[in-house]
Amino acid sequence: MLKKQKSVRYYDSAGSRAFDVLNIVLLAGLALTTVLPLLYVVAGSFATESEISSRPFFLWPEKFVTDTYQYIFSTDTFIRALLTTICVTAVGTAVQLILTLTMAYPLAKRQLPGRALVLNMVIFTLVFSGGMIPTYLVVRDLGLLNSYWALILPLAINPFYLIVVKTFFQQLPEALEEAARIDGCNELNVFLRIVLPLSKPIIATFSLFYAVAIWNDYMSPLLYIDDSKKWTLQMIVRQLTAANADSANVLQQLETVTFPEQGLKFAVVVVATLPILFFYPFLQKHFAKGVLIGSVKE
Amino acid sequence: MATDLVPEVVRPAADSSRPAPPPKRRPRDLRRDLLRYRWLYLLLLPGLAYFLVFKYLPMYGLTIAFKDYVPFLGYSGSEWVGLKHFQELFTGPDFGRLMFNTLLLALLTIVFVFPAPIVVALMLNELRVNVLKRSVQSLIYIPHFLSWTIVASLTYLLFSVDFGVIANWIHGVLGGEKTDYVAQADWFRPLIVLQLLWKQTGWGTIIYLAALAGVDSQLYEAARVDGAGRWRQFWHITLPAIRPTIVVMAILTSGNLLDSGFEQIWLMTTSLNRDVADVFDTFVYYVGITQGAFSYATAVGLFKGVIGVLLIFGSNWLAKRLGERGLF
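From first to last, the protein sequence lines stand for chains P and X.
Numbering of the first sequence is given in the UniProt record's numbering, commencing with residue 1 and proceeding in unit increments.
Numbering of the second sequence is given in the UniProt record's numbering, commencing with residue 1 and proceeding in unit increments.
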């Protein structure tokens with residue numbers, strides 16, 4: 001991660017110490033405001049309905065129940081959305097990775113005629129885009145409305161990630177590839193057998209980034225998916241927890257039996273967040289580097 | 001980046017005592033290049049197709065902002081109407097409200113959200129206990145990876161009138177009537193700012209922390225020898241060290257000022273706060289997707305996009321005038 005700074009000895013005046021204490025308190029407070037809401041939701045998802053409505057704030061339920069989870073996992077709507085999201089995320093991430101890697105590699109080759117043109121084309125899309133409606137019309141004209149591909153293809157390459165991966169490829173030792181070429185490898189084999197195995201860290205980083213982006217995507221299903229049977233988890237979360245949600249309607253789709261109304265919201269949020277928190281340690285290991293390679297260079 | 005094509009054959013200079021003449025660039029033979037680099041071009045093709053179809057085709061689609069787009073007639077069949085849709089936008093009843101809402105949110109973002117990561121990064125940088133520093137960092141990065149639907153749900157769970165924890169607390173402390181913070185127009189903007197702070201502050205510190213880590217520790221030692229205390233070191237070394245980074249981030253932010261974050265705003269919009277919530281992004285969705293006014297919505301989107309580009313170039317120019325390096 002970030003370079004550790006040499007421990008610096010300060011002249012420890014009283015003011016300096018007071019500042020340290022204040023600094024620690026403020027930062028600890030910041031960290032707590034970040035995680036407490038999340039912990040509360042997890043605790044709430046295991047609590048009874050009456051506890052949620054009567055107790056103001058808790059991190060450990062008085063009575064530990066799993067009613068809400070039993071309920072949501074007994075509904076078709078939720079199971080379907082969960083499976084849809086998992087599949088779309090898996091396939092989408094694969095597509096995004098393949099497209100990004102295959103495009104970044106040629107762009108890393110300085111001698112390739114036409115490279116500069118394509119690169120400028122990519123960079124231009126960072127500054128200017130057609131926007132929501134023209135993109136929607138393209139997706140519609142391709143016949144992708146209400147298709148899972150509409151959740152994948154329009155986001156297939158993130159130009160920022162592409163440029164980062166390209167920069168990474170450029171840093172690989174040219175001599176290795178040269179040796180493979182002399183041994184009779186063509187460019188495709190060099191890419192598959194030499195470059196890709198060397199790129200495992202960056203592949204791991206960006207598969208996580210891409211997976212998070214698709215898993216969290218709310219705008220694409222909102223724009224392109226009308227059929228509620230094809231909704232993703234984020235749509236369900238929205239429908240269930242929004243203040244102005246037409247909850248009667250949604251809950252009808254979620255089969256009208258007695259259900260834990262408030263706990264439901266907590267549980268859905270937890271399930272939609274869980275994979276991210278699960279992968280977070282892996283994410284965290286890589287992301288700072290990933291962000292920094294592609295970002296501001298001095 | 002534009003002219004890094006390497007000539008294929010560099011001929012040795014005839015007379016080594018004289019500087020070599022610049023190597024002549026051989027006229028490019030397209031067929032030979034295609035054959036020679038066939039594998040590279042083949043690899044490039046799918047990605048290029050993606051950019052053409054999903055990025056450049058929509059740019060061509062922007063022409064419908066100047067047409068009366070009829071789906072049945074398609075892009076080329078629909079009739080040109082010039083600036084009609086733009087006139088409609090500028091003279092219409094929504095423009096003032098949209099502009100005001102968008103600009104106010106942008107202003108709030110500049111004032112509250114932009115400086116937050118800088119302040120937190122500086123505070124983290126002064127933290128002398130490394131374990132603490134790293135654990136705080138790990139925790140405050142988390143929200144960046146949560147979706148806006150989750151953030152909106154959390155907001156509802158904490159601030160709604162019936163069982164929101166924070167709403168109840170505020171009620172307990174201040175008394176008075178219970179307020180439904182998520183539904184009320186007055187609370188829309190504060191909640192948006194709070195959400196942005198909660199979600200993005202930690203993540204935003206990464207770049208500033210990197211800049212701070214790059215500061216030469218000899219500078220601090222030298223300053224200390226000269227008798228500089230902690231405050232002086234901060235003021236004369238730490239702060240100037242991240243100034244270029246702040247400028248670059250400011251330029252990048254300025255380009256997105258009108259992008260009020262569609263998902264966030266959309267998710268926080270209720271029937272009660274629509275008057276203050278409507279921004280260009282959500283308006284495009286309303287009139288375009290839900291009402292089918294494709295041409296008008298495209299015109300609104302194009303107007304917003306052009307202003308965004310102008311803002312980027314404008315702030316870049318300004319940064320250079322102020323003696324900073326700028327982005328390009």
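Ideal Cβ positions, reconstructed from N, Cα and C, are used throughout, including at glycine.
{"Check": "Option nearest P/S54 by Cα separation, candidates P/G263, P/K285, P/L153", "Outcome": "P/G263"}
{"Check": "Beta-carbon proximity of X/V309 to P/V127, cut-off 7 Å", "Outcome": "yes"}
{"Check": "Under 7 Å between C-beta atoms of P/A108 and P/Q170", "Outcome": "yes"}
{"Check": "Length of the line joining the Cα atoms of P/R193 and X/L43", "Outcome": "15 Å"}
{"Check": "Where residue 355 of chain X falls, given that 16 or more other Cβ within 10 Å makes a residue buried", "Outcome": "The structure shown does not extend to residue 355 of chain X, since chain X spans only 1 to 328, so no value can be given for it."}
{"Check": "Contacts that X/Y208 makes with chain P (C-beta to C-beta distance below 9 Å)", "Outcome": "Those do not exist, as X/Y208 stays about 10 Å from chain P at its closest Cβ, beyond 9 Å."}
{"Check": "The stretch 71-78 of chain P in contact with the stretch 119-136 of chain P per 3-pair CB rule at 8 Å", "Outcome": "no"}
{"Check": "Nearest-angstrom Cα separation, counted from X/I289 out to X/T201", "Outcome": "32 Å"}
{"Check": "Residue-level contact to chain P via CB, X/Y286, 7 Å cutoff", "Outcome": "no"}
{"Check": "Beta-carbon proximity check, X/A116 vs X/F188, cutoff 7 Å", "Outcome": "no"}
{"Check": "Through-space distance from X/I265 to X/V153, alpha-carbon basis", "Outcome": "Correcting the residue type first, residue 153 of chain X is Ser in the shown sequence and not Val. The alpha-carbon atoms of X/S153 and X/I265 are separated by roughly 13 Å."}
{"Check": "For X/W317, three-class secondary structure by DSSP", "Outcome": "helix"}
{"Check": "Cutoff 7 Å: P/F278 Cβ touching any chain X Cβ", "Outcome": "no"}
{"Check": "CB-CB length for P/V88 against P/I214, believed under 8 Å", "Outcome": "6 Å"}
{"Check": "Short Cβ contact (7 Å threshold) for P/G114 with X/M59", "Outcome": "no"}
{"Check": "P/V270 vs X/T149 beta-carbon contact at 7 Å", "Outcome": "no"}
{"Check": "DSSP-derived helix/strand/coil call for X/I118", "Outcome": "helix"}
{"Check": "Contact set between the stretch 208-235 of chain P and chain X, restricted to residues whose Cβ is under 7 Å from the partner", "Outcome": "V212, N216, Y218, M219, L223, Q234"}
{"Check": "According to DSSP, residues forming a beta bridge with X/W80", "Outcome": "X/K67"}
{"Check": "Interface flag, P/G130 vs chain X, CB-CB below 7 Å", "Outcome": "yes"}
{"Check": "Cβ pair count under 8 Å reaching 3, the stretch 233-248 of chain X against the stretch 202-222 of chain X", "Outcome": "yes"}
{"Check": "Cβ of X/F294 within 7 Å of any chain P Cβ", "Outcome": "yes"}
{"Check": "Beta-carbon contacts of P/L82 that lie in its chain and below 8 Å, excluding the five residues immediately before and after", "Outcome": "L233, V271"}
{"Check": "C-beta neighbour in chain X for P/V257, strict 7 Å", "Outcome": "Because the pLDDT at P/V257 is just 48, under 50, the model does not fix this residue reliably, and the value given afterwards should be weighed accordingly. Not an interface residue."}
{"Check": "Bounding residues of the alpha helix (DSSP H) (the contiguous stretch that carries P/I182)", "Outcome": "174-182"}
{"Check": "Beta-carbon proximity of P/V165 to P/A104, cut-off 7 Å", "Outcome": "yes"}
{"Check": "Buried or exposed (CB count within 10 angstroms, at least 16 for buried), P/D12", "Outcome": "exposed"}
{"Check": "Alpha carbon of P/A248 to alpha carbon of X/V182, nearest angstrom", "Outcome": "Residue confidence is low: P/A248 scores 48 on pLDDT, short of 50, so the model does not pin down where it sits. Its coordinate-derived value is still stated next. Distance between the alpha carbons of P/A248 and X/V182 is about 19 Å."}
{"Check": "Beta carbon proximity, P/F57 to chain X, threshold 7 Å", "Outcome": "yes"}
{"Check": "Under 7 Å by beta carbon: chain P residues contacting X/E88", "Outcome": "By Cβ distance, chain P contributes nothing, its closest Cβ being about 15 Å from X/E88, past 7 Å."}
{"Check": "Residue range of the unbroken alpha helix (DSSP H) whose run includes X/E31", "Outcome": "In the sequence as presented, Glu is not what sits at residue 31 of chain X; that position holds Arg. 30-36 is the extent of the alpha helix (DSSP H) around X/R31."}
{"Check": "Same chain only: Cβ atoms within 7 Å of X/H171, ignoring 5 sequence neighbours per side", "Outcome": "K178"}
{"Check": "Sequence-distant residues of the same chain with beta carbon closer than 7 Å to X/Y41, five excluded per side", "Outcome": "L34"}
{"Check": "Minimum Cβ-Cβ distance from P/T85 to chain X less than 7 Å", "Outcome": "no"}
{"Check": "Burial state of X/D281, where buried means 16 or more other Cβ atoms lie within 10 Å", "Outcome": "buried"}
{"Check": "Option nearest X/I110 by Cα separation, candidates X/S260, X/N273, X/A299, X/V306", "Outcome": "X/S260"}
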